[in-house]
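K.L.:
Residue numbers (the numbering used here), protein chains in the order written: chain L, 1 to 489; chain H, 1001 to 1157.
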């Protein structure tokens, strides 16, 4: 089962190999990064067969058994996250081959990109609190640098703000991990689950509270969201696509799923907290996105709103809630990466992302417009596209759990989402402008967007029982799986 | 012009530096037997170069360990550590200690621990030196919206 470590090894190896050999070359560094991320995608695809045959697969690093060594685990839930992550990363890397060419030291981008991939893959495969923290920091520190990659004053300011708040989030998580180690003497999640049953509830509540607030900072849920719009809108577009598309979902949302539904299962009240956070950030993000002057800022606020949907579905719980959370993660990751890449393509030609300066893109860049159209309508929840299914399932889950008010709010927020995206579509894509100089972007920029929009379109159409079997396995992990089962065997 | 600190500091650091370097190397090599290991040893080694940097100025220390060389070395350190982990695959498991363990309490008694300590020592020593020397040598100025880098104090106007 050595395949399980390959996503981490390949990306880590890629980072230092590029740093050693191809630091001076823009082309070779990009191609090497692309090759390694494709290899890690292949290893994840090969892993799939084993994951779905068994309930989960364990891997003892160095052959050390559970309480002593580091244990890695992949189950259906983390496998779906791994697959989406490793599918999006090569596409973003492909997009960057042309886009990052305008920066002087673009080979450094690929080094940091590989480190982010290492961290995100590592979080998904580890079954150890401290390992999770280490990989969280690897990916976070790489992302702090990437936000400031353009070295403009405002980018540095955004990066500094992001760094400070990110560190506060990391410290909250680290303190709770320290308390776990102090109280139980173990960092392995399965081992902790066995010991935690007999522990004092107030101490566990304190640990859980620190964990949830740290993760809410990383996920940018409502009261903790204020670093996100700056960081995600000022970073280079491929970086925004990573951060908004998958980074906040894995460093925050995935761990929130694990904490709320698999680790601290004795506290069903924590779901209400997550639901409240999700509901407030859903409303707030949508309201703030309406009147923004910059496309990328609109997308960033939209991310806050949509991650609120994910958290709301997680908080509602039950089969439909969990199904909605996972589906919304998948389709929103794809759509938001697509939208940020799209804004990158526009920025590449127009040199700006201000809404007032962009007009009539449809005449000059028809394919870019088409992909942007798909992404926006998908997030707004228009039927043939992916996010329609996830949103309707979230609304169904709210109704099934008798939260009629929340279901109503979810519908209203979805309409607001459609509103601000229609405003963007009308103002920048389908309007008149006589500026003949601009033409369609080249192949490297276009193909990743086209591939992503095809996946979003097909994902909405072929959401059939064949695919649902696999997602149901992930849902059953969220519903029934407890790490304590691992120790019993 | 006489660069660096006073003659007393220079003499003391000239005497102390070889010992600090050897101490750092011993901390790395005996990491699996005594307190210490790759990381503390690497920090001690980089401290040796930082003392040279403070006492003599940058020319002297860069003639011994140039920035490009330490840049290459710290990548090599990371790749070495990864390859120590990859050697485990020859026994079937990532990070497996496939070497024979030797006799207890001798230098060769930890299998791959020795190699991983050396790799971490190289990585930490060079990258800490790189970080400190870049912070002390490069000046960054904001001019409106642009940033400019200077390597010499005299270039700043």
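All C-beta atoms in this analysis are idealised placements derived from N, C-alpha and C, irrespective of residue type, glycine included. All of these numbers come straight from a predicted model, not from anything done at the bench.
(1) In whole angstroms, what separates the C-alpha of residue 270 of chain L from that of residue 51 of chain L?
(2) Tell me whether residue 75 of chain L sits in a helix, a strand or coil according to DSSP, three-state version.
(3) Under a CB-based cut-off of 8 Å, is residue 1076 of chain H close to chain L?
(4) Can you say whether residue 258 of chain L is buried or exposed, counting buried as having 16 or more other CB atoms within 10 angstroms of its CB?
(5) Excluding sequence positions up to five away, which residues of its chain have a Cβ less than 6 Å from the Cβ of residue 1097 of chain H?
(6) Are residue 327 of chain L and residue 471 of chain L touching if we call contact CB-CB under 8 Å?
(7) Find the nearest neighbour of residue 41 of chain L within the set L:423, L:83, L:49, judged by alpha-carbon distance.
(8) Hey, out of H:1068, H:1093, H:1079, whose CA is closest to residue 64 of chain L's CA?
(9) On the premise that residue 458 of chain L lies in contact with residue 393 of chain L, defined as a C-beta separation below 8 Å, what is that separation, rounded to the nearest angstrom?
(10) In terms of residues, what are the limits of the beta strand (DSSP E) holding residue 1139 of chain H?
(11) Quick check on the DSSP output: the beta strand (DSSP E) that includes residue 561 of chain L runs from which residue to which?
(12) Would residue 202 of chain L be called buried (16 or more neighbouring beta carbons within 10 Å of its own) or exposed?
(13) May I have the straight-line CA-CA distance separating residue 1023 of chain H from residue 242 of chain L, to the nearest angstrom?
(14) Rounded to a whole number of angstroms, what is the C-alpha to C-alpha distance between residue 529 of chain L and residue 280 of chain L?
(15) Looking at C-alpha atoms only, which residue of H:1142, H:1149, H:1137, H:1150 is the closest neighbour of residue 1059 of chain H?
(16) Helix, strand or coil, according to DSSP, for residue 1029 of chain H in the structure here?
(17) For residue 1097 of chain H, go through chain L and note every residue whose CB falls closer than 9 Å to its CB, in chain order.
(18) When the Cβ atoms of the region 162 to 174 of chain L are set against those of the region 88 to 107 of chain L, are three or more pairs found closer than 8 Å?
(19) Rounding to the nearest angstrom, what Cα-Cα distance links residue 396 of chain L and residue 312 of chain L in this structure?
(20) Is any beta-carbon of chain L found at less than 8 Å from that of residue 1056 of chain H?
(21) Roughly how many angstroms separate the alpha carbons of residue 1109 of chain H and residue 1031 of chain H, rounded to a whole number?
(22) Based on the DSSP secondary-structure assignment, which residues constitute the bridge partners of residue 268 of chain L?
(23) List the endpoints of the continuous alpha helix (DSSP H) containing residue 1044 of chain H.
(24) Helix, strand or coil for residue 1101 of chain H? Go by DSSP, reduced to three states.
(25) Starting from residue 508 of chain L, follow the alpha helix (DSSP H) in both directions and report where the run begins and ends.
(26) Quick one: what's residue 1007 of chain H bridged to in DSSP?
(27) Please confirm if residue 216 of chain L has its CB atom under 8 Å from at least one CB of chain H.
(28) For residue 247 of chain L and residue 215 of chain L, what's the separation of their Cα atoms in angstroms?
(29) Assign residue 482 of chain L to one of three DSSP states: helix, strand, or coil.
(30) So, using beta-carbon positions, are residue 460 of chain L and residue 389 of chain L closer together than 8 Å?
(31) Going along chain H, which residues have a C-beta under 9 Å from residue 12 of chain L?
(32) Indicate whether at least one CB of chain H lies closer than 8 Å to the CB of residue 206 of chain L.
(33) Using a 10 Å radius around the Cβ and a threshold of 16 neighbouring Cβ atoms, would you call residue 1100 of chain H buried or exposed?
(34) Between the region 119 to 139 of chain L and chain H, which residues of the former have CB atoms less than 9 Å from a CB of the latter, in chain order?
(35) Here's the rule I'm using: 16 or more other beta-carbon atoms within 10 Å means buried, otherwise exposed. How should residue 171 of chain L be labelled?
(36) Just the chain L side, please: which residues come within less than 8 Å of residue 1089 of chain H by C-beta, in chain order?
P.N.:
Quick look at the numbers:
(1) 29 Å
(2) strand
(3) yes
(4) buried
(5) 1111, 1112
(6) yes
(7) L:83
(8) H:1093
(9) So it is not a contact: roughly 18 Å between Cβ atoms.
(10) 1139 to 1143
(11) Since the first residue shown for chain L is 1 and the last is 489, residue 561 of chain L is missing from the structure and cannot be characterised.
(12) exposed
(13) 44 Å
(14) There is simply no residue 529 of chain L to check, as chain L begins at 1 and stops at 489 in what is shown.
(15) Across the set H:1142, H:1149, H:1137, H:1150, the C-alpha of H:1137 shows the shortest separation from the C-alpha of residue 1059 of chain H.
(16) helix
(17) 62, 63
(18) no
(19) 12 Å
(20) Among the CB atoms of chain L, none fall inside 8 Å of the CB of residue 1056 of chain H.
(21) 11 Å
(22) Looking at the DSSP assignment, residue 268 of chain L forms no beta bridge with any residue, so it has no partner.
(23) 1038 to 1056
(24) It is coil, neither helix nor strand.
(25) Chain L is shown from 1 up to 489; residue 508 of chain L falls before or after that span and cannot be answered.
(26) Its beta-bridge partners do not exist; DSSP assigns none.
(27) Under the Cβ criterion of 8 Å, residue 216 of chain L is not counted among the residues facing chain H.
(28) Taking the Cα positions, residue 247 of chain L is about 12 Å away from residue 215 of chain L.
(29) coil
(30) Their beta carbons are under 8 Å apart, which means residue 460 of chain L touches residue 389 of chain L by this criterion.
(31) 1078, 1082, listed in chain order.
(32) Output row for residue 206 of chain L: interface = no.
(33) exposed
(34) none
(35) Counting Cβ neighbours within 10 Å, residue 171 of chain L comes out exposed, since fewer than 16 surround it.
(36) 2
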